[in-house]
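Below you'll find the structure, written out as structure tokens, and then a few comments.
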Amino acid sequence: MPAKIYLHSPPFGDFRAMPARGGGVALLKWITSFPGNPERGLPTVMGVICLSDAETGAPLMLLDARAVTALRTGAVAAVATQALAPGSASTVGIVGCGLHGAWTARCLVAAGYSQGVCADPREDAAAALADELGWSVGSREDAVRCDVVCCVTPGSQVVIDAGDLRAGMHLNMLGADGPGKAEATVGAVASCTLFCDEWHQASHGGELTAAIAGGLVAREQVTELGAVLAGEAPGRPGPAAVTLFDSTGLAIQDLAVAQAAYHAWQAGAVQAQEVSL
Ligand SMILES: NC(=O)c1ccc[n+]([C@@H]2O[C@H](COP(=O)([O-])OP(=O)(O)OC[C@H]3O[C@@H](n4cnc5c(N)ncnc54)[C@H](O)[C@@H]3O)[C@@H](O)[C@H]2O)c1
1 MPAKIYLHSP PFGDFRAMPA RGGGVALLKW ITSFPGNPER GLPTVMGVIC LSDAETGAPL
61 MLLDARAVTA LRTGAVAAVA TQALAPGSAS TVGIVGCGLH GAWTARCLVA AGYSQGVCAD
121 PREDAAAALA DELGWSVGSR EDAVRCDVVC CVTPGSQVVI DAGDLRAGMH LNMLGADGPG
181 KAEATVGAVA SCTLFCDEWH QASHGGELTA AIAGGLVARE QVTELGAVLA GEAPGRPGPA
241 AVTLFDSTGL AIQDLAVAQA AYHAWQAGAV QAQEVSL
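At the far end of the sequence shown sits residue 277, using this note's numbering, and the numbering has no gaps.
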């Protein structure tokens, strides 16, 4: 998986090209971030994924990048929680109940976390998600009192500070996935046991970036989630630790979901339009 490539389109936004290969397939995700789009009645994030055969190079499937991104972003939060939260953790607070906050909540429910609090200044968004899952609506303070806290806001405002941290808590920080975004103060970040999806991305455009730039966090203090999952590095150091997972989003995660969709189509479990190129 090479690093993602940014193609700026000023003053509107940027395109991102995200390639990855594995499991006999290869993928390119071509996706946008155009922050002014909602004013034009269009989504901020749009794009397409091309899945190809890694042996012949033949294109196999085109997928909606939004659907795949939402599923993989939610899924990685669930995987990080299973790997890093204490075994006793049961409640989930969602701060930011938009598209990706909703899928994060759905994936945590699928992973067995059945109680939660939804917090969002858009009360209708919080209420719709809470109704769907049988969770409750609450304030930011209610959400951060949960065992697992997932922050999925646009990253333009701090929603976690050091005073919110409690022994045994696990945080999934998903909103800060690009330069200049942050959902926690640098003091809060530096007080946690730190994990990320990929060091290069997280150190340049993730929740960890400001704490690293300020000299409060060094490379050796941050463990990649993959190393924990592969048994190459320890996860949670003990029941009282506060763990923080910085998610920036990886093409290999998109690859896993796109491959699963392709296998589901091959098995006849999902329908797809067929086109000749
Ligand atoms: N880590 C990843 O892999 C990944 C993947 C996709 C998107 N993202 C990022 O996640 C963030 C959310 O994306 P989205 O598509 O869900 O956006 P969205 O606009 O659908 O949802 C964001 C929600 O956050 C709410 N919000 C704003 N300020 C808040 C605050 N202070 N407290 C609580 N809620 C607040 C908004 O009302 C909105 O409902 C973006 O920054 C996006 O770039 C990260």
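Glycine residues also receive a C-beta, built at the ideal position from the N, C-alpha and C atoms.
CB contact flag (residue i, residue j, <9 Å)
i	j	result
residue 203	residue 165	no
residue 110	residue 65	no
residue 167	residue 129	no
residue 250	residue 18	yes
residue 74	residue 107	yes
residue 233	residue 224	yes
residue 90	residue 113	yes
residue 200	residue 3	yes
residue 76	residue 247	yes
residue 71	residue 103	yes
residue 229	residue 83	yes
residue 181	residue 205	yes
residue 267	residue 63	no
Cβ neighbours of residue i in the same chain (closer than 6 Å, five flanking residues each side left out)
i	result
residue 24	54
residue 222	194 and 196
residue 127	137
residue 20	1, 27, 251, 252 and 255
residue 189	211
residue 179	205
Sequence-distant residues of its chain with Cβ nearer than 7 Å to residue i (five each side left out)
i	result
residue 183	151, 153, 155, 158, 159, 160, 173, 175, 176 and 207
residue 186	210, 211, 214 and 216
residue 143	93, 94, 95, 117, 119 and 149
residue 97	118, 120, 125, 126 and 129
Three-state secondary structure (DSSP) of residue i
i	result
residue 6	strand
residue 184	strand
residue 279	The question about residue 279 has no answer here: the residues shown for the chain are numbered 1 through 277.
residue 38	helix
residue 243	strand
residue 82	helix
residue 52	strand
residue 275	coil
residue 30	strand
residue 217	coil
residue 156	coil
residue 118	strand
residue 267	coil
residue 177	coil
residue 20	strand
Neighbourhood of residue i by C-beta distance below 8 Å, restricted to the same chain and skipping five residues each side
i	result
residue 86	147, 168, 170, 236 and 239
residue 13	32, 33, 34, 35, 36, 37 and 44
residue 7	14, 15, 16 and 17
Identified DSSP bridge partners for residue i
i	result
residue 170	148 and 243
residue 195	223 and 245
residue 13	9
Three-pair Cβ contact test at 8 Å for the segment 14–33 versus the segment 43–54: Segments in contact, yes.
Are the segment 208–226 and the segment 36–44 touching, with three or more C-beta to C-beta distances below 8 Å? no
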